[in-house]
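Residue numbers (the working numbering): 4 to 567.
From the three backbone atoms N, C-alpha and C, an ideal C-beta is built for every residue, glycine too.
Have a look at the structure below, then the notes.
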Ligand code: DON
């Protein structure tokens, strides 16, 4: 029966091309008059709205939603991970980028893991988690509610919640990939037996008692209880038992970094994005800068899926990803030529270099420099978009890297495997190339694709967007922005439109099945190498409309927005 249903689902793939097997697509969109939260889980979005309705603002909502997501979607994010947040504070127009990405433990050096680099989902791949100090810093700076209040919905959920279709799928995939150890990991996360873990299905009620105890401690003693004492010791012990080098000192020393958001003007809109160690913002500014040279042409052609436009977009992405591979690193350790990469005259030069009917030689993308010295999966990331009644906005992306991070759990905390994002002799798990700028070093933060983005216009916040999906985060977020800002699509249309992705290396133009076969052929004739992929990124989006806010979760995942 299940097989027949699965076949039917495939046969009924909607025109946008992806199989909506994980959520009821109609619930993925919402019109709200005053405030909205979009995330990968209905109950997590509701946790944000609960804050808004108890005197909280967008920052409180973003933190409560993020903490709740860590409970309901343990494969994607949580206390054991880290991320980036962009904040727009409406009253003063102030914008802040907070970097709470994991850092390399003091004992992690470039030699560790040898030439092959740090093995993902291993003890060595665990970085110092930044999420708890990141969220508490956001609340200290901008929140209206205390940390203890923002933890409450997560705490409640940890005592019992229903397995979502997406979580059920992630559990099935984990057990299929790791038939011996997978059931043990799932059993540990939910404090159930091995057999029960293997039988978990959507709709089953589960709890996370070990995480309840941790969250209860954080609620009572404050975020510092995560970085010192028993909880920190439990994480350090679990990582060292798995061969890692995380130490108590690393935990105690962790601090988030406030950074200046990147800003660029695109067709009269102000686009705010994340600076290094995110590569996302830099690539986005490059791509927008290239495309800004011919916006009228794209508008006249009228379609975000025309071969001419998709070719130009793919070429622009290749320039951006080539520069990422050559130059991007943690700015505290590497000299990133940011002024050059963000310069409009450089973007004009790249636009002129592009050819409408053919691709360029591999090395003609981006700025030639030292050559980089060096099959994608999805799952370990979550993006949250929030706009409140006062017009404040938060775009926050957080990750434990791969599905279930390092696959190490301690005190209910699933630890990240973020150190895989450093560069070694072989490309990382996302097939991304890099340079010496992104080699591991103690205290260093690996380059990320996470791209929380806020667009400002005459009426304040116009768009809040971001995605999960490794390097595809950048392409998905960009296409959503372009669909709204250039082609005038609404939130639902922008979210469901089929996407493409190109990351320069490998030389493959990935496309979702919604792109027509004629378009694929036309792209092939220009020298692109198209390859179909079921989905490209999983986004969460809010767009200001004439009568309020349109919020959209991605039907490619199990998300659902909430608002009022
Ligand atoms: O920071 C990064 O770029 C990666 N660690 C993100 C990983 C990811 O998005 C996994 N899939 N959803």
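Look up residue i in the DSSP assignment and give the residues it is bridged to.
i: residue 533; result: 512
i: residue 361; result: 358
i: residue 396; result: 91, 390
i: residue 480; result: Answer is none; residue 480 lacks a bridge partner.
i: residue 183; result: Bridge partners of residue 183: none, in fact.
i: residue 193; result: BP columns for residue 193 are empty, so no partner.
i: residue 208; result: 165
i: residue 273; result: 268, 459
i: residue 504; result: 513
In the DSSP assignment, the beta strand (DSSP E) including residue i goes from what residue to what residue?
i: residue 101; result: 97-103
i: residue 388; result: 383-390
i: residue 39; result: 39-41
i: residue 34; result: 32-35
i: residue 552; result: 551-556
i: residue 265; result: 265-269
i: residue 457; result: 456-460
i: residue 292; result: Here residue 292 belongs to no beta strand (DSSP E); instead the alpha helix (DSSP H) covers 283-294.
i: residue 261; result: 260-262
What are the boundary residues of the alpha helix (DSSP H) that includes residue i?
i: residue 69; result: 61-75
i: residue 494; result: 494-499
i: residue 129; result: Neither: residue 129 is in no alpha helix (DSSP H) and is coded neither H nor E.
i: residue 541; result: No alpha helix (DSSP H) holds residue 541; the beta strand (DSSP E) holding it covers 541-548.
i: residue 343; result: 341-344
i: residue 242; result: 233-244
i: residue 326; result: 310-330
i: residue 78; result: Run containing residue 78: none; DSSP gives neither H nor E here.
i: residue 136; result: 134-145
i: residue 252; result: 251-256
i: residue 51; result: 45-55
i: residue 229; result: 227-230
Between the Cα of residue i and those of the options, spot the shortest distance and give me the residue it belongs to.
i: residue 420; options: 124, 346, 240; result: 124
i: residue 128; options: 427, 184, 478, 499; result: 427
i: residue 171; options: 252, 409, 206; result: 206
i: residue 395; options: 434, 119, 147, 50; result: 147
i: residue 341; options: 289, 75, 503; result: 289
i: residue 126; options: 527, 417, 552; result: 417
i: residue 143; options: 402, 382, 226; result: 226
i: residue 345; options: 489, 279, 176, 100; result: 279
i: residue 568; options: 470, 333, 191; result: Residue 568 lies beyond the residue range present for the chain, which begins at 4 and ends at 567; the question has no answer from this structure.
i: residue 524; options: 251, 308, 402; result: 308
i: residue 241; options: 191, 367, 115; result: 191
i: residue 208; options: 74, 402, 61; result: 74
i: residue 439; options: 321, 327, 316, 76; result: 327
i: residue 72; options: 401, 239, 272; result: 401
i: residue 269; options: 481, 372, 132; result: 481
i: residue 252; options: 407, 405, 132; result: 132
i: residue 454; options: 204, 526, 285, 295; result: 285
i: residue 258; options: 137, 86, 407, 460; result: 137
i: residue 574; options: 255, 237, 250; result: The structure shown does not extend to residue 574, since the chain is modelled only from 4 to 567, so the question has no answer here.
Skipping 5 residues on each side, what residues in its chain have a beta carbon closer than 7 Å to that of residue i?
i: residue 452; result: 282, 283, 473, 474, 476, 477
i: residue 30; result: 563
i: residue 347; result: 292
i: residue 186; result: 178, 197, 200, 201
i: residue 1; result: Because residue 1 is not part of the residues shown, which for the chain are 4 to 567, the question remains open.
Once the 5 residues before and after residue i are set aside, which same chain residues still bring their CB inside 8 Å of it?
i: residue 215; result: 158, 161, 162, 415
i: residue 57; result: 148, 152
i: residue 549; result: none
i: residue 405; result: 123, 124, 380, 382, 383, 420, 423, 432
i: residue 378; result: Confidence at residue 378 is low in this model, with a pLDDT of 40, below 50, so its placement is unreliable and the value that follows should be read with caution. Cβ neighbours of residue 378 beyond the five flanking positions: 434.
Report all residues from its chain with a CB closer than 6 Å to the CB of residue i; omit the five preceding and five following residues, and keep chain order.
i: residue 153; result: 63, 66, 67
i: residue 432; result: 123, 423
i: residue 465; result: 458, 547
i: residue 17; result: Residue placement at residue 17 cannot be trusted, given a pLDDT of 34 that sits under 50; the coordinates are not used to answer.
i: residue 188; result: 410
i: residue 448; result: 104, 106, 280, 333
i: residue 565; result: 40, 48, 49, 52
i: residue 357; result: 318
i: residue 504; result: 475, 478, 513, 539
Answer yes or no: does any C-beta atom of chain B fall closer than 9 Å to that of residue i?
i: residue 471; result: No chain B appears in the structure shown, which is made up of a single protein chain.
Query - the segment 443-451 touching the segment 509-522, judged by at least three CB pairs closer than 8 Å - result: no
Query raised in the report: Is there contact here, the segment 261-275 with the segment 154-168, by at least three beta-carbon pairs under 8 Å?
Result: With a cut-off of 8 Å, the segment 154-168 and the segment 261-275 do not count as touching, because too few Cβ pairs lie within range.
Query raised in the report: Are at least three pairs of beta-carbons, each pair with one atom in the segment 531-540 and one in the segment 469-485, less than 8 Å apart?
Result: The segment 531-540 vs the segment 469-485: in contact.
Query raised in the report: Counting pairs of Cβ atoms below 8 Å between the segment 409-417 and the segment 86-96, do you hit three or more?
Result: Counting Cβ pairs under 8 Å, fewer than three are found: no touch.
Query raised in the report: Between the segment 292-311 and the segment 225-245, do at least 3 Cβ pairs fall closer than 8 Å?
Result: no
Query raised in the report: If you pair each beta-carbon of the segment 188-198 with each one of the segment 142-159, do three or more pairs fall below 8 Å?
Result: no
Query - Contact between the segment 105-115 and the segment 36-53 (3+ Cβ pairs under 8 Å) - result: no
Query raised in the report: Is the segment 76-84 touching the segment 382-390, taking contact as three or more C-beta pairs under 8 Å?
Result: yes
Report task. Check whether the segment 216-223 touches the segment 96-106, counting contact only when three or more Cβ pairs, one atom from each stretch, lie closer than 8 Å. Result -> Output reads no: the segment 96-106 does not touch the segment 216-223.
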